[in-house]
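To start, the structure under review is shown below, and the notes come after it.
Number of protein chains: 2
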Amino acid sequence: MPQRVRIVEVGPRDGLQNESAQVPTAAKIELIDRLSATGLQTIEATSFVSPKWVPQLADAAEVYAGIERRPGVAYPVLVPNLQGYERTRAVGATEVAVFTAASEAFNRRNTNAGIDESLARFAPVLERARADGVRVRGYVSTVLGCPYQGEVPLADVVRVARALHAMGCYEVSLGDTIGVGTPGKARTMLRAVAMEVPMPALAVHFHDTWGQALANVLACLEEGVAVVDSAVAGAGGCPYAKGASGNVASEDVVYMLHGLGIDTGIDLDRLADTGRWLAALLGRDTGSKAGKALAAAG
Amino acid sequence: MPQRVRIVEVGPRDGLQNESAQVPTAAKIELIDRLSATGLQTIEATSFVSPKWVPQLADAAEVYAGIERRPGVAYPVLVPNLQGYERTRAVGATEVAVFTAASEAFNRRNTNAGIDESLARFAPVLERARADGVRVRGYVSTVLGCPYQGEVPLADVVRVARALHAMGCYEVSLGDTIGVGTPGKARTMLRAVAMEVPMPALAVHFHDTWGQALANVLACLEEGVAVVDSAVAGAGGCPYAKGASGNVASEDVVYMLHGLGIDTGIDLDRLADTGRWLAALLGRDTGSKAGKALAAAG
């Protein structure tokens, strides 16, 4: 297991994008600034995908312009194509993220393009980013199952992850978008990808739809992964399962990591405070059990 | 990892005992009968601890007399002492469970007796049970932490587990009563106990107070444990952390086990149906994410 794990906090993007509550721009900025003060090194700030697709994050430019950008903290933003990339440059982003599914059916439904077409769209983004000195993170979604095609062949996951890495993504995050995976399958998937993409360039991204996320994280840590995506308060949801849980809660991941003797650099109390603040803002219970337990402990 | 795991369903006892809703006797009977039809082999039915301590289960005798006792399914009941044991005999129980903490402070607060005093109280229970052909299960609580004394020395856990096994308990369940454990600590604890009590005679029992339960189960499966306690719908709570989650949800455990290719003999759909039925009865959301996801999947 790694001695140190970097958490990629995706609450402000993957979390809020799937929450039904409307969060004011000022609150999004406050959320990111609070997260910046916890010791997190990477906070995915927002998405420059068209507001037609992601209305929750229509204020991406205002949010990005408003946050305090702490030295040592990266604030990647999601971009769908070169046009989106250019909008992020206008606000001074120094890290972006691109995404495609491992499932052809999912990618077509979600982005109106085949996987190869998506990859082709990212080529100029990566080229421009290289010239600009901007780092690019890659996401592969539906790595353990797809709501449309069901099973996703392992070979497709490996192919897409390898392509993103070969194009220049410094890190590839492997996402179980619908949270159906179990630890053995997560482990096998990660191991297969790691034969083509070096483990230090891989991250895992689990949703807790079926309650398996933390167990899956554990299995992947045992395989050597050292970067974990998660969302404070377990923010988010699943558009494919009404009422489902969202991303694995950052607080629960950090509590586990610290218990395992793995360093994260994160102040769990501050993180949990932020999680409860966010939950109150969203008008619901926190999705983090560690956050709840910390509150009960006073 | 084991090829087959036996789930010990503790919802009707450990679950209901810690739920604030009053459940009518007939509903408790229906709960157990429904669980009996899922393929579960062990269902802890109720507790003959004094109603002064456990008012939720004051109707233990009526419940036990009312359930359908399926061949091949064991229905243990919790007993605090010989007097409790005799009450279970009057209703024809063929399996009982005794309990003590690994934390001296917890045991004194919870049972008004030191650990050695508790063990001494169980000696005649085990003696009588042996003569009666009744099987006895032993619980060790607070194996990874105590709400009063904090840390619980590993040596104390090992000593108590060994004592219960030596007295004749056919199985010893190791319980993280306050759900503070993380996978590395759970693994180390189990490994230490397994040096004194054979692994096939051990079970693990996790509460999800800090969101760690399923990851802890996974770590213990990797150590070879093949018996897991859990509660349908994640029933229960934690008297030491207001608003906290209860036992790890049986549905989530079974979903993980089946995903790992481990046989349980349980029909997950039926189990999840029962979990949602119970949650409705308790007037709250199910505590099982797999149960929720199955409902969303239609």
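Respectively, the protein sequence lines represent chains A and B.
Residue numbers for the first sequence follow the working numbering, so the first one is 1 and each next one is one higher.
Residue numbers for the second sequence follow the working numbering, so the first one is 1001 and each next one is one higher.
Quick reminder that beta carbons are idealized off the backbone N, C-alpha and C, glycines included.
Contact annotation: the region 62 to 73 of chain A does not touch the region 114 to 134 of chain A, with fewer than three C-beta pairs closer than 8 Å. In this chain, the alpha helix (DSSP H) harbouring His165 (chain A) covers 154 to 167. Of the candidates B:Ala1296, B:Lys1289, B:Gly1298, B:Ala1279, the residue whose Cα lies closest to the Cα of Gly1011 (chain B) is B:Ala1279.
Distances from the CA of Arg128 (chain A) to each of A:Asn81, A:Val228, A:Val253, A:Asp252 were compared; the closest alpha carbon is that of A:Asn81. At a cut-off of 8 Å between beta carbons, Ala219 (chain A) contacts chain B. Secondary structure at Val1143 (chain B): coil, using DSSP grouped into helix, strand and coil.
Residues of chain B with a Cβ closer than 8 Å to the Cβ of Tyr255 (chain A) are, in chain order, Thr1182, Trp1210, Gly1211, Gln1212. In this structure, the straight-line span from the alpha carbon of Gly1259 (chain B) to that of Ala186 (chain A) is close to 10 Å. Taking C-beta atoms as the reference points, Gly1179 (chain B) and Phe1206 (chain B) count as a pair closer than 8 Å. Taking Leu174 (chain A) as the centre and dropping the five residues before and after it, the same chain places the C-beta of Val140, Val143, Val157, Ala161, Met189, Leu190, Val193, Leu202, Ala203, Val204, His205 closer than 8 Å to its C-beta, in chain order. With respect to the C-alpha of Pro1055 (chain B), the residue from B:Glu1196, B:Gln1022, B:Val1134 having the closest C-alpha is B:Gln1022. With a cutoff of 8 Å on beta-carbon distance, Leu1218 (chain B) and Ala249 (chain A) are scored as not near each other.
Boundaries of the alpha helix (DSSP H) around His258 (chain A): 250 to 259. Under a 10 Å Cβ-count criterion, Lys1292 (chain B) is classified as buried, with 16 or more other Cβ atoms of the shown protein chains found around its own Cβ.
Restricting attention to A:Glu117, A:Asn110, A:Leu40, the CA atom closest to the CA of Trp53 (chain A) is found in A:Asn110. Under DSSP, the beta-bridge partners assigned to Glu9 (chain A) are A:Ile43, A:Ser230. Contact between the region 1262 to 1275 of chain B and the region 1024 to 1039 of chain B is present: 3 or more CB-CB pairs across the two stretches fall below 8 Å. Taking CB atoms only, Ala1027 (chain B) has no neighbour in chain A less than 8 Å away. Taking 9 Å as the cut-off between beta carbons, the residues of the region 1278 to 1297 of chain B near chain A are Asp1285, Ser1288, Lys1289, Ala1290, Gly1291, Lys1292, Ala1293, Leu1294, Ala1295, Ala1296, Ala1297, in sequence order.
Contact annotation, Val1136 (chain B) with Ala1166 (chain B): C-beta distance approximately 12 Å; criterion of less than 8 Å not satisfied. When rounded, the separation of the alpha-carbon atoms in Gly1084 (chain B) and Ala231 (chain A) is 48 Å.
Under the 10 Å beta carbon count, Lys1289 (chain B) is surrounded by 16 or more other beta carbons and is classified as buried. Within the model, the alpha-carbon separation for Val1254 (chain B) versus Pro1183 (chain B) is close to 18 Å. Between the alpha carbons of Leu1257 (chain B) and Gly1224 (chain B) lies a distance of about 13 Å. Relative to the Cα of Gly298 (chain A), the nearest Cα in the group B:Ile1007, B:Tyr1240, B:Val1049 belongs to B:Tyr1240.
Bridge partners of Asp1132 (chain B) according to DSSP: none are assigned. One finds Trp1210, Gly1211, Gln1212 in chain B with Cβ atoms closer than 8 Å to the Cβ of Asp252 (chain A), taken in chain order. Under the DSSP assignment, Glu223 (chain A) falls in the alpha helix (DSSP H) whose first and last residues are 213 to 223.
Between Phe1106 (chain B) and Val1079 (chain B) the beta-carbon gap is near 19 Å, outside 8 Å, which marks them as no contact. In the DSSP assignment, Ser173 (chain A) falls within the beta strand (DSSP E) that extends over 171 to 176.
Distances from the CA of Leu1164 (chain B) to each of B:Ala1155, B:Cys1146, B:Val1197, B:Gly1145 were compared; the closest alpha carbon is that of B:Val1197. Distance check between Cys1220 (chain B) and each of B:Pro1051, B:Gly1181, B:Asp1014 places B:Gly1181 closest, using alpha-carbon atoms only.
When only Cα atoms are considered, Arg1108 (chain B) and Gln149 (chain A) end up about 57 Å apart. Tyr64 (chain A) places its beta carbon 8 Å or farther from that of Ile43 (chain A).
Given a length threshold of 4 residues, each whole run of the alpha helix (DSSP H) inside the region 268 to 297 of chain A is given here in chain order: 268 to 282, 289 to 296. The C-beta distance from Ile266 (chain A) to Thr94 (chain A) rounds to 22 Å, too long to fall under 8 Å, and the pair is not in contact.
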